[in-house]
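Visitor:
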C-alpha cells in the first residue's frame, strides 16, 4: 500500500484533531473550536467518513496531512515523516544527501549542530561556566538535556573549526555563527565569544540558532543568533518544542522571561513552559501558542519592565483569542524562586494564578484610587485591557469589577470604553484580517459551478441536468465536470472512486462536507431537481459574468495597444456571450 494511504488508514482524522482540540459529537461528524482563527463557537467540522477536518469560517483544514502541516507549520515532507513515525508506517529509504546535494536549510542545520557539538565539548572543559551553572542550580542532567555549551573566548575559533568541518564561509555566516567585519578585507569573526550557549529549536525540535549569555564583563549580557533562513525571532519561542505535548495535555502554557527561567520550571516539574528570551512578543508567537493551548499564564519578571512586558503580552495574546492569566511570585523571577524553594514555585505555577485583569485590579493602590487623579490613572491602564478582551461576557464581568473598585457605574465605564481611540476595530482587527466573513454565517469557499457539480454527484437522478451546465474551462471544476459527465446515467458513486485528478480529491471531499453541513444532502428527488436546476442556472450566470469581465479586460488592452483586428474580434465575442447571459437571466 502507498505510505500516504497507509498512514491515513492507521490514523483517523478525529484521533489526530482530538490531540489538539476537544471534539464534540454532532451527528455523523464531530465539531471543535478551530485552531486556525479566533473561534468562539465550534466552527471546525471533523468528518471520519471523509477523513477531513475543515473550518468553513476561515477555510482552513483538509486531510490529516493538510491539517498537520497547518497546525505544526511544516511542509509535506516533514508531515509525512512525522506521521509515519507516529503510526509505525515504514517509508521507502532515500539516499542520504551530502555536501552540495543538500538544500540550503539542511546545510545550515548541519552547521549549527556541528557548532553545538563543539560548544558542548568546550563546556566540559570550562570550570568557570560549570561553576556558574552550579551556582544557578542547573544540574549536569539538565545541561545534557538542554544541550548547553560554551563558545570559546577567541576571535574566530568557531569559524575556523566549522571551515575544517567542510562548511563554506557563506554557510557559516548564513547560520548566524559568524560576522563579516570588513567587506573590503573580508575579515570574519565569531558572533559568540566567551558565552554560555543555549541552543534554540523550532517547533519540530530542529536547531535554528543560539542564545548566548556572557561569561565576562562589559559585553551585552545576552545576544541571540542573527535572523536568517532558519531563525526568525518573531516566530520562535524558547522551549516550545519540549513544551508542546504538555501544553496540549493541560491546555495551558506558562510564559517566562529567559532561558534560566525555563530550566527552573522544568526542575520544579512544570514542563509546559516557554520563554520570550529577550525578544518582543508578536502575534506570530501567539498563533504558535494557540496551536497547542487556549490559556497562557504569565510569569514574567516582577520588576517594572516585567509588568510592562506582561501588559503588552496581554493585548497580543487576547487578540488571538487566548485566555491570559498571571502568577505573581515573591522572588524576582522563576529561576531565583526555584533556587530558594522549588516546591513553592511549583505550587504557585500549578495554581495558574488569576485572570490577568483581575491581578491588575488587585495590585492597584486602594488608597490612591480614592482620588479623581488616581481613578483616572487606573482607567488609563485598565480600559485598553478591557478593549482587548474579545468576549462581551468577559468584558461585562470585568467592567463590574472596575465599577466596584472605583465606586462608579458600569454605564459611565461603557461610555469611556466607547471613546477609546480606535475602539471600533480594536478587538476584531486581527480576526477580520484572517477570516473574511460575508453577510451570512460562513464564508463561501466554493464557486456556484462547484456546488452545482457536487449536487449532481449527490443526486444521480439529476445528472441529466449537466447538459444545461456550461462546461468549466480549467482547474478543479473542469476535472469534476468531466468525471460527472462520464458517469453512467443514475449510477451511484463514492467520491473516492470518482475518476478525478488526485490533486483534487481532498477539495472534492471538503465540497461534499460543505453540502452536508448546509443540509443539501437529504432533499427529496422532486425538491432536489428544482434546487439543482436553479443552482445550474446560477452557476451559468456566474460563469458568463466571469467571461464577460475577462473579455472586457482584453478589449481595453487591445484598444490601448491599437490592435484593431483583435478589438473587432473581441467585441464580437463579447456580444455573443452577452446574448447568452441575457438568455440565461430570462430563462
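Numbering (our numbering), first residue to last: 1 to 587. Heads up, the beta-carbon is just placed ideally off N, CA and C, and yes, glycines get one too.
(1) With DSSP as the reference, please indicate the residues paired to residue 26 in a beta bridge.
(2) Smallest Cα separation from residue 477: which of 464, 51, 455 and 208?
(3) When you compare only the Cα positions, how much space is there between residue 107 and residue 176?
(4) Alpha carbon to alpha carbon, how far is residue 68 from residue 80?
(5) Report the start-end ranges of each alpha helix (DSSP H) in the region 240-327 that is 4 residues or longer and not cut off at the edges.
(6) In chain order, which alpha helix (DSSP H) runs of at least 4 residues are fully inside the region 480-560?
(7) What is the DSSP secondary structure of residue 436, counted as helix, strand or coil?
(8) Give the range of the beta strand (DSSP E) segment to which residue 201 is assigned.
(9) Are residue 618 and residue 237 close, meaning C-beta to C-beta below 8 Å?
(10) I'd like to know whether the C-beta atoms of residue 536 and residue 474 end up nearer to each other than 8 Å.
(11) Does DSSP put residue 65 in a helix, a strand or coil?
(12) If you count every other CB in all the chains shown that lies within 10 Å of the CB of residue 314, and 16 or more means buried, which is it?
(13) Who does residue 149 pair with in a DSSP beta bridge?
(14) Hey, is the region 103-119 in contact with the region 160-179, meaning 3+ C-beta pairs nearer than 8 Å?
(15) Count the other C-beta atoms from every protein chain shown that fall within 10 angstroms of the C-beta of residue 525, then say buried if there are 16 or more, exposed otherwise.
(16) Do residue 300 and residue 310 come within 8 Å of each other at the CB atom, strictly closer than that value?
(17) Determine the DSSP secondary structure at residue 36, reduced to helix, strand or coil.
(18) Could you tell me the alpha carbon to alpha carbon distance between residue 420 and residue 384, rounded to whole angstroms?
(19) Tell me whether residue 342 sits in a helix, a strand or coil according to DSSP, three-state version.
(20) Closer than 8 Å is the cut-off here; do at least three beta carbon pairs connect the region 364-378 with the region 386-398?
(21) Look up residue 355 in the DSSP assignment and give the residues it is bridged to.
(22) Looking at the structure shown, is residue 427 part of a helix, part of a strand, or coil, going by DSSP?
(23) Considering only residues of the same chain and omitting the five flanking positions on each side of residue 334, which have a CB-CB separation below 7 Å?
(24) Using beta-carbon positions only, say whether residue 254 and residue 270 come within less than 8 Å of one another.
(25) What's the C-alpha gap between residue 8 and residue 52?
(26) Less than 8 Å between the C-beta atoms of residue 241 and residue 205, yes or no?
(27) Is DSSP giving residue 47 helix, strand or coil here?
(28) Return the first residue and the last residue of the beta strand (DSSP E) that residue 214 is part of.
Guide: So, from the listed chains and residues:
(1) Working through the chain shown from its first residue, we reach residue 26 at position 26. According to DSSP, residue 26 bridges with 29.
(2) Here residue 477 refers to the residue found at position 477 of the chain shown. Measuring from the Cα of residue 477, the nearest candidate turns out to be 455.
(3) Mapped onto the chain shown, residue 107 falls at position 107. Mapped onto the chain shown, residue 176 falls at position 176. One C-alpha to the other measures close to 13 Å.
(4) For the purposes of this step, residue 68 is identified with residue 68 of the chain shown, where counting begins at 1. For the purposes of this step, residue 80 is identified with residue 80 of the chain shown, where counting begins at 1. So the two alpha carbons sit approximately 9 Å from each other.
(5) Counting only unbroken stretches of 4 or more residues, the alpha helix (DSSP H) elements lying wholly within the region 240-327 are 240-250, 259-267, 283-290 and 304-319, in sequence order.
(6) DSSP runs (the alpha helix (DSSP H)) wholly in the region 480-560: 505-517 and 525-560.
(7) Position 436 of the chain shown, counted from the first residue, corresponds to residue 436. Confidence at residue 436 is low in this model, with a pLDDT of 36, below 50, so its placement is unreliable and the value that follows should be read with caution. Reduced to three states, the DSSP call for residue 436 is coil.
(8) Taking the chain shown and counting its residues from 1, one reaches residue 201 at position 201. Where residue 201 is concerned, the enclosing beta strand (DSSP E) stretches over 195-201.
(9) With the chain running from 1 to 587 in the structure shown, residue 618 is simply not present.
(10) What you label residue 536 is simply residue 536 of the chain shown in a count that begins at 1. What you label residue 474 is simply residue 474 of the chain shown in a count that begins at 1. Not a contact, by the Cβ cut-off of 8 Å.
(11) Translated into positions along the chain shown, residue 65 becomes position 65. Correct three-state label for residue 65: helix.
(12) To locate residue 314, count along the chain shown from 1; it is residue 314. Note on residue 314: 16 or more other CB atoms within 10 angstroms of its CB, so buried under the neighbour-count rule.
(13) Mapped onto the chain shown, residue 149 falls at position 149. In the DSSP output, where bridge partners are listed per residue, residue 149 has 197.
(14) Segment contact: the region 103-119 against the region 160-179, three or more CB-CB distances shorter than 8 Å; contact assigned.
(15) Taking the chain shown and counting its residues from 1, one reaches residue 525 at position 525. With fewer than 16 other beta carbons inside 10 angstroms of its own, residue 525 counts as exposed.
(16) Locating residue 310 in the chain shown gives position 310, where the first residue counts as 1. Locating residue 300 in the chain shown gives position 300, where the first residue counts as 1. Going by C-beta atoms, residue 310 is nearer than 8 Å to residue 300.
(17) Against the chain shown, residue 36 aligns to sequence position 36. Note: residue 36 maps to coil in three-state DSSP.
(18) Within the chain shown, residue 420 is the residue found at index 420, counting from 1. Within the chain shown, residue 384 is the residue found at index 384, counting from 1. Rounded to whole angstroms, the separation of the alpha carbons of residue 384 and residue 420 is 8 Å.
(19) Here residue 342 refers to the residue found at position 342 when the chain shown is read from its first residue. If DSSP states are grouped into helix, strand and coil, residue 342 belongs with the helices.
(20) No, the region 364-378 is not in contact with the region 386-398.
(21) The count along the chain shown starts at 1 and reaches residue 355 at position 355. Looking at the DSSP assignment, residue 355 forms a beta bridge with 325.
(22) Here residue 427 refers to the residue found at position 427 of the chain shown. Legend: pLDDT at residue 427 = 31, less than 50; position of this residue unreliable, value from coordinates given subsequently. In the structure shown, residue 427 sits in coil (DSSP, three-state: anything other than H, G, I, E or B).
(23) To locate residue 334, count along the chain shown from 1; it is residue 334. Contacts found: 256, 261, 264, 265, 299 and 345.
(24) Reading the chain shown from its first residue, position 254 is the one you call residue 254. Reading the chain shown from its first residue, position 270 is the one you call residue 270. Yes.
(25) Position 8 of the chain shown, counted from the start, is the residue given in the question as residue 8. Position 52 of the chain shown, counted from the start, is the residue given in the question as residue 52. So the alpha carbons of these two residues sit roughly 10 Å apart.
(26) For this step, residue 241 is matched to residue 241 along the chain shown. For this step, residue 205 is matched to residue 205 along the chain shown. For residue 241 and residue 205, yes; Cβs fall inside 8 Å.
(27) As a working mapping, residue 47 is identified with position 47 in the chain shown. Per DSSP, reduced to three states, the secondary structure at residue 47 is strand.
(28) Here residue 214 corresponds to residue number 214 of the chain shown, with the count starting at 1. Per DSSP, residue 214 belongs to the beta strand (DSSP E) from 207-214.
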